[in-house]
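A.B. asks:
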Amino acid sequence: MKPIKLNLQAFGPYLNETIDFSSFYEHHIFLIAGKTGAGKTTLFDAMSYALFGKTNGLNREPKEMRSTFAKPSEETKVVFTFSAQNKVYQIERIPEQVLAKKRGDGVREVKAKATITIFDEFGKELNHFTKTTEVNQIVEEVVQLEDEQFRQIIMLPQGDFRRFLNANSNEKEKILRKLFGTEPYRLFSEKLKEQKKLISVAIKDQEKELITTLQHARWVTELPEILELGQARGKKELSYLKEQQENMHNQLQKK
Numbered sequence: 005m006k007p008i009k010l011n012l013q014a015f016g017p018y019l020n021e022t023i024d025f026s027s028f029y030e031h032h033i034f035l036i037a038g039k040t041g042a043g044k045t046t047l048f049d050a051m052s053y054a055l056f057g058k059t060n061g062l063n064r065e066p067k068e069m070r071s072t073f074a075k076p077s078e079e080t081k082v083v084f085t086f087s088a089q090n091k092v093y094q095i096e097r098i099p100e101q102v103l104a105k106k107r108g109d110g111v112r113e114v115k116a117k118a119t120i121t122i123f124d125e126f127g128k129e130l131n132h133f134t135k136t137t138e139v140n141q142i143v144e145e146v147v148q149l150e151d152e153q154f155r156q157i158i159m160l161p162q163g164d165f166r167r168f169l170n171a172n173s174n175e176k177e178k179i180l181r182k183l184f185g186t187e188p189y190r191l192f193s194e195k196l197k198e199q200k201k202l203i204s205v206a207i208k209d210q211e212k213e214l215i216t217t218l219q220h221a222r223w224v225t226e227l228p229e230i231l232e233l234g235q236a237r238g239k240k241e242l243s244y245l246k247e248q249q250e251n252m253h254n255q256l257q258k259k
């Protein structure tokens with residue numbers, strides 16, 4: 005993602021300010037500097053709000069970013085233009101706010117809304133979306149980061165770089181996986197692990213079946229010997245019984 009232009013209207017301390025980032029391109033790197041309270045953080049809040057509908061500082065709601073210098077009729081909004089993947093995206097977000105009625109006295113409540121216009125690299129409009137859910141989905145697909153991840157590694161508030169460094173391994177892995185687009189490799193790895201598990205189970209089942217087969221084969225091999233021993237024992241017992249029967253018969257004859 006490469007920022008092109010940022011326009012703030014009645015947002016924070018800015019009534020109507022436009023920053024043209026393209027004028028800095030020849031320098032490749034630039035610094036946003038200023039005294040404390042000069043509005044540096046507000047610029048990052050504006051970009052974060054345009055992209056995700058949330059400010060960079062979690063303690064500030066978008067509706068709280070309305071400038072105290074704005075007239076009751078002046079609308080608070082942010083327009084952020086950036087390029088990515090050979091396309092130009094222009095996002096306009098308006099936070100929830102209360103404005104003076106266009107006609108007559110009194111005020112009116114304005115609901116938060118968002119739009120995004122997509123252009124090709126030559127400036128031809130390709131598409132335009134007016135639903136907030138559509139805008140959020142497109143931004144996440146293009147930026148490949150969620151708002152929290154974006155804050156952690158792209159637009160870190162003062163002193164918050166430590167948050168990323170101190171994040172646990174799972175959080176870092178999730179952030180870096182999305183940042184470098186390694187999700188397909190993770191899914192492929194998980195699929196291989198699952199296949200390995202299935203193969204291991206199949207091998208164990210085959211081993212059990214083989215052991216059972218071998219035990220059965222051993223029993224079949226030893227069966228003739230078992231039958232022969234049983235037959236010999238049977239003959240011996242039968243001979244003993246016949247002998248006992250003959251003895252009893254002789255004793256009865258004597259009586």
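Using the numbering used here, the letters of the sequence shown correspond one by one to residues 5 to 259.
We treat Cβ as the ideally placed atom computed from N, Cα and C, and that holds for glycine.
Bear in mind that the values here come from a model prediction, so they are computed numbers and not experimental data.
Check S77 in the structure and name its three-state DSSP category.
C.D. replies: S77: coil per DSSP, three-state reduction.
A.B. asks: So, is K81 buried or exposed, given that buried needs 16 or more other C-beta atoms within 10 angstroms?
C.D. replies: K81 comes out buried.
A.B. asks: Residues in its own chain within less than 7 angstroms of E113 by CB, not counting five upstream and five downstream?
C.D. replies: Cβ neighbours of E113 beyond the five flanking positions: V102.
A.B. asks: Measuring alpha carbon to alpha carbon, tell me which of Y93, R181, A37 ends up nearest V146.
C.D. replies: Comparing Cα positions, the closest option is Y93.
A.B. asks: Taking DSSP as the reference, what is the three-state secondary structure of K197?
C.D. replies: Helix.
A.B. asks: Using the Cα positions of E21 and Y29, report the straight-line distance between them to the nearest angstrom.
C.D. replies: Cα to Cα, the separation comes out at about 20 angstroms.
A.B. asks: Comparing C-alpha positions only, which one of R70, T46, K67, E68 sits nearest to N60?
C.D. replies: It is T46 whose Cα lies nearest to the Cα of N60.
A.B. asks: Give the single residue among A118, K128, M51, K75 whose Cα lies nearest to the Cα of Q141.
C.D. replies: Q141 has its Cα closest to that of A118, out of A118, K128, M51, K75.
A.B. asks: Specify the secondary structure class of E65 as computed by DSSP and reduced to three states.
C.D. replies: In this structure, E65 counts as coil in the three-state DSSP scheme.
A.B. asks: Can you say whether I215 is buried or exposed, counting buried as having 16 or more other CB atoms within 10 angstroms of its CB?
C.D. replies: Label assigned to I215: exposed.
A.B. asks: Using DSSP with H/G/I as helix, E/B as strand and the rest coil, what is E213?
C.D. replies: Correct three-state label for E213: helix.
A.B. asks: When the Cα atoms are used, what is the spatial distance from E144 to E96?
C.D. replies: Approximately 16 angstroms, taken between the alpha carbons.
A.B. asks: Shortest alpha-carbon distance to K128 belongs to which of I33, R155, N90, T136?
C.D. replies: Among I33, R155, N90, T136, the Cα nearest to that of K128 is on N90.
A.B. asks: Quick check on the burial criterion: 16 or more other C-beta atoms within 10 angstroms. Buried or exposed for A37?
C.D. replies: Counting Cβ neighbours within 10 Å, A37 comes out exposed, since fewer than 16 surround it.
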